[in-house]
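Participant:
In UniProt numbering, the protein residues as written are 1 to 248.
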């Protein structure tokens with residue numbers, strides 16, 4: 001088991017040091033722009049308006065944001081089990097990106113809803129309310145982690161919070177099927193869905209956002225590792241500087 005975990009760390013570190021995710025993010029990102037503005041349907045929910053094109057990024061941001069928060073959950077669990085710093089750093093880096101993607105999901109959704117539903121926000125919609133709750137939960141995770149510093153106790157507290165708080169993520173994503181949604185009717189597997197999204201364009205945009213996430217995650221984890229090395233060097237230098245000399 002320990003060997004498998006060490007192998008997983010090595011594989012992930014090799015991925016994070018690779019330039020491939022960045023090139024894929026750039027390639028699929030450009031393809032997404034061309035397809036969205038050149039071929040995608042701008043007619044949804046009975047409304048023909050250019051704002052509908054935002055759906056091709058709103059939906060992938062929501063999906064990849066949920067994936068990022070799932071990685072945070074897994075990283076928190078592995079850190080609590082193994083006390084390996086890499087998993088803590090991975091969890092925090094992915095939590096930061098998940099929070100950013102969740103924020104962009106709320107912003108793009110509000111802009112889209114203002115035209116389609118004639119409202120920026122509707123407190124009666126179960127998806128909106130539960131997703132906002134997820135946003136607050138992970139804002140709390142980042143705040144707790146920011147106070148961790150080099151303290152293992154606070155790091156473990158943040159990880160426990162990340163594990164427990166994750167329950168809000170699947171609840172939010174399943175909310176439109178568990179309860180009656182005011183605005184967000186289920187679209188996947190629902191033949192009566194009014195959102196006429198061009199699936200192929202949506203898939204390309206999803207790949208673009210996914211590879212962007214992997215690229216940014218790798219950069220953030222490497223920055224974590226660099227910061228840790230610098231802190232260790234400072235500690236060693238400080239120890240040598242204050243080391244008492246003989247004969248005093």
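For each residue, glycine too, the CB sits at the ideal point set by N, CA and C. This structure is a prediction, so every number in the text was calculated from the model and none was measured.
Count Cβ pairs between the segment 58-73 and the segment 203-211 that sit closer than 8 angstroms; are there 3 or more?
Facilitator: In short, these stretches touch, since the Cβ pair count reaches three.
Participant: Mind checking residue 220: buried by the 16 CB within 10 Å criterion, or exposed?
Facilitator: Buried.
Participant: At the level of alpha carbons, what is the spacing between residue 227 and residue 71?
Facilitator: Near 21 angstroms, if we compare the C-alpha coordinates of residue 71 and residue 227.
Participant: Spatial neighbours of residue 22 within its chain, please: CB distance less than 6 angstroms, with the 5 preceding and 5 following residues excluded, ordered by chain position.
Facilitator: The residues are 215.
Participant: Who pairs with residue 44 in a beta bridge, going by DSSP?
Facilitator: Residue 44 pairs with 47.
Participant: Give the secondary structure of residue 219 by DSSP, where H, G and I count as helix, E and B as strand, and everything else as coil.
Facilitator: Three-state DSSP puts residue 219 in a helix.
Participant: Hey, how far is the Cα of residue 182 from the Cα of residue 203?
Facilitator: Because residue 182 carries a pLDDT of 49, less than 50, the predicted location of this residue cannot be relied on, and the following value inherits that uncertainty. Taking the straight line joining both Cα atoms gives about 26 angstroms.
Participant: Measure the alpha-carbon distance for residue 67 versus residue 236 and round it to whole angstroms.
Facilitator: Answer to the nearest angstrom: the Cα atoms are 38 angstroms apart.
Participant: Thinking C-beta only, is residue 35 closer than 9 angstroms to residue 201?
Facilitator: The answer is yes: Cβ separation under 9 angstroms.
Participant: Once you ignore the five residues that flank residue 155 on each side, which residues in its own chain have a CB closer than 8 angstroms to its CB?
Facilitator: Excluding positions up to five away in sequence, the list reads 79, 88, 145 and 148.
Participant: By a C-beta neighbour count over all protein chains shown, 10 Å radius and 16 as the cutoff for buried, is residue 143 buried or exposed?
Facilitator: It is exposed - the Cβ of residue 143 has fewer than 16 other Cβ atoms within 10 Å.
Participant: Starting from the Cα of residue 139, find the closest Cα among 32, 69 and 10 and give me that residue.
Facilitator: Residue 69 is the option with its Cα nearest to residue 139.
Participant: In three-state terms, what does DSSP make of residue 73?
Facilitator: The answer is helix: DSSP assigns residue 73 an H, G or I state.
Participant: Taking C-alpha atoms, which residue in 45, 20, 28 and 103 lies nearest to residue 197?
Facilitator: Considering only alpha carbons, the answer is 45.
Participant: Could you compute how far the alpha carbon of residue 96 sits from the alpha carbon of residue 141?
Facilitator: If I take the Cα positions, the gap works out to 9 angstroms.
Participant: Rounded to whole angstroms, what's the CA-CA distance from residue 124 to residue 105? Just pull it up for me.
Facilitator: Spanning the two alpha carbons is a distance of roughly 18 angstroms.
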